[in-house]
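Next up, the structure:
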């Protein structure tokens, strides 16, 4: 079995494919990556060739799911048959969302008249007028946590599939992910500019616009500021930095730490705060809860607030790292054997192949098609988060700022 690894389609291909379902992507990366049958060959890895960036070879993706990388890249698509049809009922999306796997012969449509022949139907909001057929997948789609995206269903098994950030589903569509690099892509030499690290003089930065949250992260940071300097940017602070602007370079050059606290404490809920600002910069991220991120991110790449008994204890450790640059630099050693990929939702290329829409497509070509179920969706969805302020209250204890 071979897996075709390719670059993302250009805009012209997307337009042509919508007009003509038989267009084949001529821009496809020509290298074929054979499945490795033994440990020695598997170490060679699978080539990922993202658009506009150097290729790299991957041994495995880090996930709590039992579905391994090579299985994710196997698709039994048959190009001489009609494409499998994914109908976005009210969830947006377009054919571009299948840009990581255009050779897998799936199509995404908004045409509701094709409901009867659709293989999978995506919902951002429940439509109680619909009933699925035996072979259809009703897919719940949400990138928000249950706290901010209530999804009551009319009956327990309305959805038989979920597509979102959680890894304990048949397929996941995370904000980002970590890969373990194959040996040929391991990095040697200097991993991070030591002069840049030496030049850092500030404590922590926090970019935040949601000021009153379910996680009560703002209360924790307020108490931490009693012992450690945290600059707050955005509508919740006095400092300004436009998202994506050049001012974000100060994270590389001035700050030691980045506060990557989420608005809610939920299973697998890790957003761009960690995947983008936290890992794409020369900075060490601080997360709220170790157990949420540990299986999904590189080892020794972050600091967890819940590892410390008090904010003062955390602050003491942060001050230590600021004084001891060699200890601080150890938090970047993971870059030798791991790589973090941020999926921004705007660029659809080979990096999305193991996730999201491509994995729906892969499953639709399975024979026989797997029978999936979520026995009680409301319970599964709503029980994945901690209660309002539960973690922060537990961490702060008697420290609560009046």
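Residue numbers (the numbering used here): 977 to 1378.
Ideal Cβ placement from N, Cα and C applies to all residues, glycine included.
- A straight-line Cα-Cα distance of about 29 Å links residue 1075 and residue 1268.
- Just measuring C-alpha positions, the residue of 1309, 1140, 1132 sitting nearest residue 1163 is 1309.
- Comparing C-alpha distances from residue 1224 to each of 1238, 1208, 1311, 1338 shows the shortest one belongs to 1208.
- When the five nearest sequence neighbours on each side are left out, the beta carbons in the same chain lying within less than 8 Å of the beta carbon of residue 1219 are those of 1183, in order along the chain.
- CA-to-CA, the gap between residue 1112 and residue 1154 works out to about 31 Å.
- Burial check for residue 1232: the Cβ neighbour count within 10 Å reaches 16 or more, so the residue is buried.
- Taking 8 Å as the cut-off, the beta carbon of residue 1100 is found no closer than this to the beta carbon of residue 1121.
- Taking the C-beta atoms as reference points, residue 1095 is found nearer than 8 Å to residue 1340.
- The residue among 1150, 1336, 1327, 1043 with its C-alpha nearest the C-alpha of residue 1140 is 1150.
- Positions of the alpha helix (DSSP H) runs, each at least 4 residues long and wholly inside the region 1010 to 1096, are given as 1015 to 1018, 1045 to 1048 in order along the chain.
- The Cβ atoms of residue 1312 and residue 1167 lie closer than 8 Å to each other.
- Under the 10 Å beta carbon count, residue 1194 is surrounded by 16 or more other beta carbons and is classified as buried.
- In this model, residue 1033 and residue 1039 are separated by some 17 Å (Cα to Cα).
- Per DSSP, reduced to three states, the secondary structure at residue 1302 is helical.
- For a cut-off of 8 Å, the C-beta gap from residue 1035 to residue 1199 is around 41 Å, too long to register as a contact.
- Under a 10 Å Cβ-count criterion, residue 1170 is classified as exposed, with fewer than 16 other Cβ atoms of the shown protein chains found around its own Cβ.
- When secondary structure is reduced to three states using DSSP, residue 1361 falls in the strand class.
- If you draw a straight line from the Cα of residue 1212 to the Cα of residue 1185, it comes to about 6 Å.
- For the pair residue 1353 and residue 1132, the CB atoms are nearer than the 8 Å cut-off.
- Residue ranges of uninterrupted alpha helix (DSSP H) with 4 or more members, entirely inside the region 1206 to 1270 and ordered along the chain, are 1226 to 1229, 1266 to 1269.
- Linking residue 1317 to residue 1077 through their CA atoms gives a straight-line distance of about 17 Å.
- The Cβ atoms of residue 1248 and residue 1191 lie no closer than 8 Å to each other.
- In the DSSP assignment, residue 1318 is bridged to 1152.
- Looking at the backbone, the Cα of residue 1304 and that of residue 1048 are separated by about 36 Å.
- Counting only the Cα atoms, residue 1056 lies some 48 Å from residue 1276.
- The beta carbon of residue 1298 lies closer than 6 Å to those of 1232 in the same chain, with the five residues before and after it left out.
- Counting only the Cα atoms, residue 1205 lies some 57 Å from residue 1343.
- Setting aside the 5 residues that flank it on each side, residue 1143 is surrounded in the same chain by 1039, 1040, 1041, 1244, each with a C-beta closer than 6 Å to its C-beta; the list follows chain order.
- Residue 1062 and residue 1335 have their C-alpha atoms roughly 12 Å apart.
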